[in-house]
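Counting from 1, one number per residue, gives the positions in the sequence shown under this note's numbering.
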Amino acid sequence: DDAVDVHVQRVNGKKHFVIDAIIGEGLKSTQGGIGVENLQGSGLIAGETSKAYNEVFTLSYVTGRSVGIGAYLNRLGQRVIQMVNGPMILTGFSALNKLLGKNVYSSQDQLGGPQVMVPNGIT
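As structure tokens, this is what we get:
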């Protein structure tokens, strides 16, 4: 299938397929969208959630890591219930450390765990 580019990597004698790229555009196997194409769907969900905010009670229940647009969509609602091991982050701690040029953060929880979101009124 041409939808995924992979290369084989052997680790301790076991064969692993490492994904290099996901190519979604124009393939029969990816009709409906994957990868970047899902941003269109995320935009539609954001619009509907934003409208619903003024019409009905909206709630997000975060049970695992919520990253990027997923974290943003959670916050568009009126209330968020966040499990202890479910950080909501726009980007990862490694990316921020690279941007800052030093190791400031050591986990995703420091960026968007309940210990951050509760005092800020998010969760």
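Idealized CB from N, CA, C, for every residue including glycine. None of these values were measured; they are calculated from a predicted model.
| Item | Value |
| --- | --- |
| Which one of L76, P87 and V80 has the shortest CA to CA distance from G43? | L76 |
| Distance, Cα to Cα, N120 vs V56? | 23 Å |
| Taking only the alpha-carbon atoms, compute the straight-line gap between K14 and G113 and give it to the nearest angstrom. | 35 Å |
| Under a three-way DSSP split, which group does Y61 fall into? | strand |
| Specify, as a first and last residue, the run of the beta strand (DSSP E) that V116 falls within. | Here V116 belongs to no beta strand (DSSP E); instead the alpha helix (DSSP H) covers P114 to M117. |
| So, do the region 65-72 and the region 81-92 have three or more beta carbon pairs nearer to each other than 8 Å? | yes |
| According to DSSP, is S50 part of a helix, a strand, or is it coil? | helix |
| Could you name the residues that DSSP lists as bridge partners for S66? | M88 |
| At which residues does the alpha helix (DSSP H) containing S94 begin and terminate? | F93 to L100 |
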